[in-house]
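Some notes on the structure that comes next.
Shown next as structure tokens:
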């Protein structure tokens, strides 16, 4: 009887010690953060080549407050078009930094390219606000806004996403889900490529040079 | 021996489950803390109809959407984002639950996600840092959003902030404003 108790106790202790050891190992083990992949990791930083289509023209107001008409096949040998809003603290400034770095990479050839930032938040984005914003990154960037209906027409024409969403638990009032990539339009006014978010500006510049080489305006 | 084993199990079992009964040793660390430059207040305050042709007349921000008691400064003012690398050398998970900073009206924890080429930003309640793990707040992902930045943040500036963790409590930090 006594022996049985001794063996039982020893077994229990061993079992518990093993369990404790496993717990310690489990807890102490370095675990990868349970963080979802960031956009840069999700997307291959390769441009998406499009089946070329004619980019629709539009008329908005630029960051100096003047009317701005965009005629895709005129005025430059390539156009970069991004839809965003100045309130956005993360993806939009990252993209504007990409614009800035692409301009730097292109050097003098940057003069042949239009860099457009169309606001999908015309309620907050006045020309003044856009001017302050775009000039902070590079004065060559053209900020565009307009009456909400005008902006909506451009968004529709380009088939981009711009969804205003009230956000609970935030003082932002509302945020806007929007297309994250940059649309590339060639000198003939055709949308030819999309640069995904997080693409290396050096790669972007290389692709733009290819487009410029293929010839400019028709 | 039996008692010792039981104690061990209890100690190990507590990890990440039981709240700290006494002040825990601080095992979380924040490094590489930086924020984006912000816009000037004047540009943000300037509001009005299209075609103002550069008028500097400042009007009160007019909002079309009904948002009730929201602070106009937070909703209309300049924004910025703080990024950092959080590590936890402890045996217990911790979480960043809030950030306090006097530079802005409001401070929130946000996460950006991109799916099918659409960017979406969402507030999050906390940012978990697993035991022995790291979480990076970085562009296109988790970030601390500053809403209604009161003074313009320029590259080279620094400002004070306090990180609030669920276990480690408050940790004061200095944030560097940087143009990446």
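Chains as they are written, first to last, in the working numbering: chain A, 1 to 218; chain V, 1 to 180. The beta-carbon is built from N, C-alpha and C at its ideal position, and this holds for glycine as well.
Spatial neighbours of residue i in its chain, beta-carbon cut-off 6 Å, leaving aside the 5 residues before and after
i                      : result
residue 81 of chain V  : 36, 143, 145
residue 111 of chain V : 122, 124, 142
residue 179 of chain A : 83, 160, 161
residue 33 of chain A  : At residue 33 of chain A, the pLDDT of 44 sits below 50, so the modelled position is not reliable and the matter cannot be decided from this model.
residue 131 of chain A : 63
residue 113 of chain V : 120
residue 176 of chain V : 34, 158
residue 166 of chain A : 174
residue 40 of chain A  : Low per-residue confidence applies at residue 40 of chain A: pLDDT is 48, beneath 50, and the placement is therefore not dependable enough to give any value.
residue 78 of chain V  : 38, 39, 44, 149
residue 106 of chain A : 205
residue 108 of chain V : 123, 145
residue 201 of chain A : 98, 101, 102, 105
residue 81 of chain A  : 116, 183
residue 65 of chain V  : With a pLDDT of 36 at residue 65 of chain V, under the threshold of 50, the predicted position of this residue should be treated as unreliable, and no value is reported.
residue 10 of chain A  : none
residue 172 of chain V : 162
residue 79 of chain A  : 114, 185
Beta-carbon neighbours of residue i, restricted to chain V and to distances below 8 Å
i                      : result
residue 181 of chain A : 117
residue 178 of chain A : 118, 119
residue 203 of chain A : Per Cβ cutoff of 8 Å: no residues; residue 203 of chain A is ~17 Å from chain V at best.
residue 136 of chain A : 37, 39
Within chain V, partners of residue i - CB distance below 7 Å
i                      : result
residue 169 of chain A : 123
residue 87 of chain A  : 79
residue 175 of chain A : 121
residue 172 of chain A : 75, 147
residue 124 of chain A : 76
residue 200 of chain A : Result: empty, since nearest Cβ-Cβ is about 13 Å, beyond 7 Å.
Sequence-distant residues of its chain with Cβ nearer than 7 Å to residue i (five each side left out)
i                      : result
residue 137 of chain A : 96, 97, 99, 100
residue 146 of chain A : 60, 61, 122
residue 31 of chain V  : 84, 85
residue 193 of chain A : 47, 48, 49, 50, 184, 207
residue 75 of chain A  : 114
residue 88 of chain A  : none
residue 164 of chain A : 174, 176
residue 7 of chain A   : none
residue 139 of chain A : none
residue 98 of chain V  : 164
Neighbourhood of residue i by C-beta, 8 Å cutoff - its chain only, sequence neighbours within 5 removed
i                      : result
residue 123 of chain A : 148
residue 130 of chain V : 88, 93
residue 129 of chain A : 86
residue 45 of chain A  : 196, 198, 199, 200, 203
Proximal residues of chain A, C-beta to C-beta of residue i below 7 Å
i                     : result
residue 40 of chain V : 132
Partners in chain V for residue i, counting only beta-carbon separations shorter than 9 Å
i                      : result
residue 197 of chain A : 114, 117, 119, 140
Residue i Cβ short of 7 Å to the ligand FAD heavy atom set
i                      : result
residue 154 of chain V : Inclusion of the ligand FAD in the displayed structure is not the case, the ligand content being empty and no account of it being possible.
Residues bridged to residue i (per DSSP)
i                      : result
residue 5 of chain A   : According to DSSP, which records beta bridges pairwise, residue 5 of chain A is partnered with nothing at all.
residue 184 of chain A : A:80, A:193
residue 114 of chain A : A:79
residue 137 of chain A : In DSSP, residue 137 of chain A forms no bridge with anything.
residue 172 of chain V : V:162
residue 172 of chain A : The partner list for residue 172 of chain A (beta bridge, DSSP) is empty, contrary to what the question assumes.
residue 53 of chain A  : A:191
residue 94 of chain V  : V:129
residue 83 of chain V  : V:34
residue 109 of chain V : V:144
residue 143 of chain A : A:117
residue 48 of chain A  : A:194
residue 119 of chain V : A:178, V:114
residue 137 of chain V : V:84
residue 123 of chain A : Looking at the DSSP assignment, residue 123 of chain A forms no beta bridge with any residue, so it has no partner.
residue 28 of chain V  : V:88
residue 166 of chain A : A:174
residue 101 of chain V : V:161
Minimum Cβ-Cβ distance from residue i to chain D less than 8 Å
i                     : result
residue 90 of chain A : You won't find chain D in this structure, because its protein chains are A and V.
*asked:* With three or more beta-carbon pairs closer than 8 Å as the criterion, would you say the region 85–102 of chain V touches the region 90–98 of chain A?
replied: no
Give the residues from the region 157–180 of chain V that approach chain A closer than 9 Å (Cβ to any Cβ), ordered along the chain. 179, 180
Notebook entry, point to check: Which residues, in order along the region 92–122 of chain A, keep a beta-carbon less than 7 Å from a beta-carbon of chain V?
Noted result: 93, 94, 97
Does the structure place the region 52–65 of chain A close enough to the region 205–215 of chain A that three or more beta carbon pairs sit under 8 Å? no
Problem set entry | Interfacial residues, the region 94–110 of chain V to chain A, with Cβ spacing under 8 Å | Listed by position along the chain: 105, 106, 108, 110.
Q) Name the residues in the region 46–62 of chain A whose C-beta lies less than 8 Å from a C-beta of chain V; which are they? A) 61
| query | In the region 150–169 of chain A, which residues sit with their C-beta less than 7 Å from some C-beta in chain V, listed in chain order? | reply | Of all residues in the region 150–169 of chain A, only 161, 167, 169 come within less than 7 Å of chain V when Cβ atoms are compared, listed by chain position.
Under 8 Å, with one C-beta from each stretch per pair, do the region 66–76 of chain A and the region 167–176 of chain A reach the 3-pair mark?
no
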